[in-house]
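Notes to accompany the following structure.
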DNA sequence: GCGACAG
DNA sequence: ATCTTGTCGC
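Residue numbers (this note's numbering): 758 to 1180.
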């Protein structure tokens, strides 16, 4: 493949600090060394798109990404190998690399505030290898110091970086559990999990008594809706959307959305108090009312049996289904669960069947289906299967998902692969 | 007392 | 939820 490298052209100006362009080479050549440096990307107008700070690490290096708001994200980096920055581009019929010499010693890496990020090479036999698993605090502290990022932002960095410290006795899962523990503790100390939530728990007790577990459709089901919420954390806003589909054609009949400020934190178990309000607002803007709503969350498969689907259903007095991508509570027999579309296993919680793990596509992870309100489990499963002829997620969820993401679009959009107009 | 936790 | 980006074989 070395014959078809070519020089890449792009509309936007790239500003590489202290970098020198080298001619194209194979990345393999630089696999075992380190890199660090700063990459800024700007439009021709001079407006900053993003700044990326690369910090060396063992193997592939660590890369800290900041968007145009200077928010820091951690991410893996594949194409950047040490000492050199390698950009990888794909076209319809060819592949190319650009190689830049970062030319920095590790210690000289800096971020936008002029703060120095002290990066050092991490050896497998280094600091953490022989530590007691219980002593995660020091690992985190060490990580924070090393990379100069807060624990929240460091989450994904840690997950990845920790893989370097796996031994026979210490698994990556153990390490991540420890990190998780500290992360939660940190949130609690910031007051995110305190007695203020008691009133919401008692609210759930009341809702629980109103759940109807049998089919109670006013009409024959013709209109079926999906709901979803998207977030813009920078603005602290959220958009709730509802999309109504014709059940026979799966075509969109009507859609509505509502944008509002985020007022409630994400707390597992109290999720509905965060997402139900914007959805209700969106619902009220609809001209037609759906006969059934499918939620991208749990229904009664919830610690108190009052997941978002249930909460929403009671609030709107409309039948709802909870169809979540991940399990919240309950257990099922993974061995017995098959791998073909339609295979299912009961999800048991407090000795009750609160839902099912349902395979919606062959050889794909199950969905977690539970009733929300005014429906029974068998009916709910039937509907979910009807809504998943082609994909793992129900069409309703997919449509709602696409809608909110279209609306919340003010994210930094930058795609290396498609913004070159070389011809 | 500890671990786990939808979006 | 949010950020990101490949990998492979015929």
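Ideal Cβ positions, reconstructed from N, Cα and C, are used throughout, including at glycine.
Note that the structure is predicted; figures quoted are calculated from it, not measured.
DSSP, reduced to helix, strand and coil, places residue 1130 within a strand of the structure shown. Counting along the chain, residue 1041 sits inside the alpha helix (DSSP H) bounded by residues 1029–1041. At the C-beta level, residue 996 and residue 1016 come within 8 Å of one another. In the three-state reduction of the DSSP assignment, residue 962 falls in the helix class.
Per the coordinates, the alpha-carbon of residue 1003 lies some 33 Å from the alpha-carbon of residue 1087.
Beta-carbon to beta-carbon, residue 1148 and residue 1118 are separated by about 7 Å, close enough to satisfy the 8 Å threshold. With distances taken between CA atoms, residue 961 lies nearest to 1063 out of 1138, 1063 and 1112.
For residue 1109, no alpha helix (DSSP H) encloses it; the enclosing beta strand (DSSP E) starts and ends at 1109–1115. Residue environment for residue 1040: buried (at least 16 other C-beta atoms within 10 angstroms of its C-beta).
Restricting attention to 1000, 1029 and 1150, the CA atom closest to the CA of residue 1121 is found in 1150.
In this structure, residue 1026 lies near residue 1060, with their beta-carbon atoms less than 8 Å apart. Taking C-alpha positions only, residue 1066 is separated from residue 1043 by approximately 19 Å.
Here DSSP, grouped into helix, strand and coil, assigns residue 1152 to helix. With a 10 Å radius around the Cβ and a threshold of 16 neighbouring Cβ atoms, residue 973 comes out exposed. The alpha carbon of residue 1083 has as its nearest neighbour, out of 1038, 1024 and 1114, the alpha carbon of 1114.
In the DSSP annotation of this structure, residue 1067 is not part of any beta strand (DSSP E); the continuous alpha helix (DSSP H) holding it starts and ends at 1065–1073. With a cutoff of 8 Å on beta-carbon distance, residue 1049 and residue 1152 are scored as not near each other.
Scanning 1045, 1028, 1073 and 1145 for the CA closest to the CA of residue 979 turns up 1045. Closest in C-alpha terms to residue 1091, from the list 977, 1116 and 1071, comes 1116.
Cβ neighbours of residue 1097 within its own chain (closer than 7 Å, five residues either side excluded): 1116 and 1119. Residue 1057 holds the alpha-carbon nearest to the alpha-carbon of residue 1106 among 1057, 1159, 1052 and 975.
Nearest C-alpha to residue 1019 among 998, 988 and 969: 988. Cβ atoms of residue 998 and residue 984 come within 8 Å of each other, at about 7 Å.
Between residue 957 and residue 1028, the CB-CB gap reaches or exceeds 8 Å. Residue nearest to residue 1073 within the set 1037, 968 and 1161 is 1037 (criterion: CA-CA distance). A direct Cα-Cα distance of roughly 32 Å separates residue 1162 from residue 975. Residues 983 and 1148 of the same chain have their beta carbon placed closer than 8 Å to that of residue 1155, with the five preceding and five following residues left out of the count. In this chain, the beta strand (DSSP E) harbouring residue 1018 covers 1009–1018. Counted as a single uninterrupted DSSP element, the beta strand (DSSP E) harbouring residue 1102 occupies residues 1101–1106. Only exposed fits residue 1135, as fewer than 16 other CB atoms lie within 10 angstroms of its CB. Using a 10 angstroms sphere on the CB of residue 1127, the tally of other CB atoms reaches 16 or more, which defines it as buried.
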